[in-house]
Amino acid sequence: MDSGLRHATVVALGELGRSHDHRDRADAGHGLAGFAEMWEAVGPLLELVLDPGDTFVTRRTVEALLRRKDGAGLTVVASALAVAGPHHTDWIHTAVHDVFGIFSDDRDAAMRLCEEMSRDGDDRVALGARQLHGILAEIDPVLRSS
Numbered sequence: 604m605d606s607g608l609r610h611a612t613v614v615a616l617g618e619l620g621r622s623h624d625h626r627d628r629a630d631a632g633h634g635l636a637g638f639a640e641m642w643e644a645v646g647p648l649l650e651l652v653l654d655p656g657d658t659f660v661t662r663r664t665v666e667a668l669l670r671r672k673d674g675a676g677l678t679v680v681a682s683a684l685a686v687a688g689p690h691h692t693d694w695i696h697t698a699v700h701d702v703f704g705i706f707s708d709d710r711d712a713a714m715r716l717c718e719e720m721s722r723d724g725d726d727r728v729a730l731g732a733r734q735l736h737g738i739l740a741e742i743d744p745v746l747r748s749s
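Take the sequence shown: its letter number 86 is residue 689 in my numbering, and every next letter is one higher.
Right, dumping it as structure tokens:
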């Protein structure tokens, strides 16, 4: 793994995330989600999840973070959810349903991660994880494991 190239990519995507064009910001959020485990990506990702200009950016970024199906992606979403206003919360909620509404195993694994994150030392992450767990609990997945 080339940490220098990864860092340069996060910096470049962070710059794209400051574009005036919502499509550029949405693409930046989608790309940055792949680097959510890097501390350098967390700040720009939070800004894109809570994009003040267009909720398309919110939805695209959140979906990409959730599709990671790991703690790094869920932590960013939970942290943003804890401070999101009603409009952003609605789009985060929609993305959660879109990503976790198919397979019960995926939804259940995300719920377990949220339970762990709800005990996080960062109050914002813990609060958001509890909110995210509540959203996940509302979902009745289409396909259940046998």
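Where is the CB? At the ideal position from N, CA and C, for every residue including glycine.
Item, Value
"Identified DSSP bridge partners for Phe659", "Paired residue(s): none; Phe659 is not in a bridge."
"Cβ neighbour criterion (16 or more within 10 Å) applied to Glu719", "exposed"
"Complete runs of the beta strand (DSSP E) confined to the stretch 692-732 [at least 3 residues]", "none"
"Alpha helix (DSSP H) segment containing Glu643, residue limits", "642-652"
"Assigned exposure category for Trp642 - 16 Cβ within 10 Å defines buried", "exposed"
"Contact check, Ala667 vs Gly632, beta carbons under 9 Å", "yes"
"Pairwise C-alpha distance: Gly704 and Ile742", "6 Å"
"CB of Ala713 within 9 Å of CB of Leu669, strictly", "yes"
"Identified DSSP bridge partners for Leu746", "Phe706"
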